[in-house]
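Chains as they are written, first to last, in the numbering used here: chain A, 12 to 489; chain B, 12 to 489.
Using N, Cα and C, we set each Cβ at its ideal position, and we do this for glycine too.
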């Protein structure tokens, strides 16, 4: 045991939260509904390594042999999830340190968020964590969900709470409940997640630590964050600076207004800080800001699946004129361009499209279009040097587009893959049958789908903004 | 037959499109997939009055006796749906006039939207319609869907295209395809529609005519419109002036930008006009403008189900702190207020809520809240004079809120119904199970639900804006 506990370096030792060799649940409960029961249940139904319930009053929990304290747990063990009352958390965490555990996830509430006494308890806890050279997520959090490594260390009832499949988006949330509701939405929508971390009080591990891990994580292609306040601005800023050149980051910052900041202070005790400071940091570091929980994942999905465009010129291919107009309006409103196509390209399009099609841009292939018409228009725009990105609006609900379209689209995409520097995004208006096709297209061709023209264009705008930042950043380096 | 055909007065004779006594389908086809087949199919599966296929080469179509021309169709007959090639439309419409038909819905395309020759044909058609004192919807439209009177006179395949249940929203669309895709979405989402009209080329019946009908239609509580361009500005403006004092109107105007306007011109031949002129008209007449197809129905739903608030003060009741912060941010950003509650009201709340609840506003009842905690907070805000509207964020995915909540909520709502002048809207983050409860709450208590804090607050903003306009308008009158 060291006498002068030191905080580990940024990102040091956080790997254990995502790839543990063995996990103990301290406070494992036999009572359904209890946090210490549910987290064990979720681990048992996800994690393939050894799981050790710790409970001094039980021989076994959920069919797993239980241990009176973590000190008795056999190897391998490097992660402990803690679900005991706040006042005994420091003691069990000390035992975990004694036992050689490298990381603790403290789900228990009753720390800094409850006032002075809780803050004192939290300080004691952090001291213990550092004395043993451990890392800690929490306290007052809902845990870690890491489908990329088949680990569900959260305490939500899977009967009510959906958990998304493995996928490319990492998601950090200062608010556990908000994080859970977004995961639940993503599960229904079918958007995959690599890692989810509920940061809680951030007494030790914070955004900077997790970002350090995620920027090297091969399972993560984009990073979405919900934050209320950041205590160490320079640490946070440096972490962003080191992340965004490698991977795109989108942030939902709550407390942008005075009323919001007041609410944030009462929620997590965060000093939200002036939003203009955050805005400046986001702008300088190439972070995409957003104001809505829905848009957070809209943008994270585009950033995960598609490359940034090389410029602002958008080609729109639609089966319905009205949607083309709405997409063009939104693009121009956001500073993108919808250039009229050259006479030459329009002539090429006319040769491949129905006679009533409109070819200026938006290219309206009309509702009478077949798969081949739509694919021809997309391929011609993908190959041309007149647009930098493509929005497609396929009207799956009414159009004569076949069920084979997603497969054919995938073939086209892979055909032009050599030149593939143009992002393609889809606006899929319509109901559930249209969305079955949209999801098939997303899966087979990585073309993200959005339920309105405006949301598809906003996601494209985010890609554009990230691309512009990357160009400036690389220019600045060179 | 008159020698000088005159255009009927605004709204005159349009009732027949929604409540016909008998409907002929001119161009009824035996070939599945054809427009003249599908519209007959949809009529047969909706309309309870007599339906007459007209087809000179068939004895019967879809099991209904067919007539060689509309002239042979027996009584009662007052509406004809036309699905024959453009060049013979004027002749069959003349026959319909001869036969005493009062309204024709012309689905056929090939008129003004195709160029000069089509425009000439359209003029001829309108002349015939007026000569017989008829009204016409179209040409180049997808028809009328009026669940309030059990009439589906559109040609979309119900195997692919969803049709929403009867409900309070009327929807006019200049674009048929866009209209269909919104209907399809509404069917999946479970939002009800009173009347849907695809206006097509608006050669006779236009927005003004339909508004005149809708403002007196007992089935319609709010009106959503998609428009690209309006040929007769004064007529349109007067129709809005006469409608908005009675019923709220929300408009999605496409072609707000130059690129959008160019696309609109190529789509429906509309001169989109300067958007600033539309903006001024919308502001003066109390119309709520929107830029997205999703928001169009978000707002129409709030306008249909909830009263406008008496002022800008929003009370937020949430089970998750983060969502409360986001809702407060959005409200303040849109010019609403989130006032700190009085010490007295906070004391009342504290007596009824869990000890860790936050009572300032947002009222965070926390994820440990029961049905009764949440209902107490809502009731106290509903009864207080400190807020004018309420946003609730119930976290159905994780909370201990029971399946009985929607029913209990309905009881609370009816209890405070005497004083009910405060709109209540819900943000239901989360996935499909959470949404089952949201829909139950919407059905039992008419509380509209939105998938994000931002969308719920934006819909409340629209109610507020409409209420402000009504107050100014009535003040101006008095």
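Item	Value
Pick helix, strand or coil for residue 236/A, following the three-state DSSP scheme.	strand
Taking Cβ positions only, does residue 473/B come closer than 9 angstroms to chain A?	no
Mind listing which residues of the segment 259-270 of chain B have their C-beta closer than 8 angstroms to chain A's C-betas, in chain order?	263, 265, 266, 267, 268, 269, 270
If you check the beta carbons only, do residue 343/B and residue 300/B fall under 9 angstroms apart?	no
Count the other CB atoms, across all protein chains shown, that sit within 10 Å of the CB of residue 453/B; report buried if there are 16 or more and exposed otherwise.	buried
Taking the straight line between their C-alpha atoms, what separation do you get for residue 385/A and residue 331/A?	12 angstroms
What does DSSP give as the partner residue(s) for residue 264/B in the beta ladder?	238/B
Using the beta-carbon count (16 or more within 10 Å), is residue 346/A buried or exposed?	exposed
For residue 166/A, name the three-state secondary structure that DSSP assigns.	coil
Who are the Cβ neighbours of residue 377/B in its own chain at under 7 angstroms, not counting the five residues just before and after it?	330, 365, 367, 368
At a cut of 8 angstroms, does the segment 75-95 of chain A reach the segment 190-209 of chain A through at least three beta carbon pairs?	no
Considering only the alpha carbon of each residue, which of 419/A, 407/A, 436/A, 383/A lies closest to residue 400/A?	436/A
Under the three-state reduction of DSSP, which class applies to residue 209/B: helix, strand or coil?	strand
Starting from the C-beta of residue 185/A, find all residues in its chain whose C-beta is less than 7 angstroms away, skip the five residues before and the five after it, and write them out in chain order.	210, 237, 238, 239, 279
With DSSP as the reference, please indicate the residues paired to residue 348/B in a beta bridge.	324/B
Expressed to the nearest angstrom, what Euclidean distance is found between the alpha-carbon atoms of residue 320/A and residue 394/A?	14 angstroms
Taking CB distances under 9 angstroms as the criterion, tell me whether residue 105/A reaches chain B.	no
Using 9 angstroms as the threshold, is the C-beta distance between residue 44/B and residue 38/B below it?	no
Is DSSP giving residue 202/B helix, strand or coil here?	coil
Would you call the CB atoms of residue 327/B and residue 372/B closer than 9 angstroms?	yes
Using the C-alpha atoms, what's the distance from residue 287/A back to residue 134/B?	59 angstroms
Taking the alpha-carbon of residue 392/A as reference, which of 416/A, 421/A, 434/A has the nearest alpha-carbon?	434/A
Identify each residue in the segment 292-308 of chain B for which the Cβ-Cβ distance to at least one residue of chain D is less than 7 angstroms, and report them in chain order.	Going by chain labels, chain D is absent from the structure shown, which instead holds the protein chains A and B.
For residue 243/B, which three-state DSSP category applies?	coil
For a test of the three-state rule: what should DSSP assign to residue 22/B, helix, strand or coil?	coil
State whether the segment 25-34 of chain A contacts the segment 50-68 of chain A, with contact taken as three or more CB pairs (one from each stretch) at a distance under 8 angstroms.	yes
Looking only at its own chain, which residues have a Cβ that is under 8 angstroms from the Cβ of residue 9/B, when we skip the five neighbours before and after it?	The structure shown does not extend to residue 9/B, since chain B is modelled only from 12 through 489, so no value can be given for it.
Any beta-carbon of chain B closer than 9 angstroms to the one on residue 378/A?	yes
Quick check on DSSP: helix, strand or coil for residue 158/B?	helix
So which of 146/B, 480/B, 451/B has the shortest CA-CA distance to residue 90/B?	146/B
So, does the segment 449-468 of chain B touch the segment 476-484 of chain B, judging by three or more C-beta pairs under 8 angstroms?	no
Rounding to the nearest angstrom, what Cα-Cα distance links residue 462/B and residue 338/B in this structure?	12 angstroms
Should residue 239/B be flagged as near chain A, meaning a C-beta pair shorter than 9 angstroms?	yes
Can you confirm whether residue 382/B, when its beta carbon is compared against all beta carbons of chain A, has any partner nearer than 9 angstroms?	no
Using the C-alpha atoms, what's the distance from residue 292/B back to residue 116/B?	29 angstroms
Going by Cα to Cα distance, which pick from 314/B, 426/B, 443/B is closest to residue 175/A?	443/B
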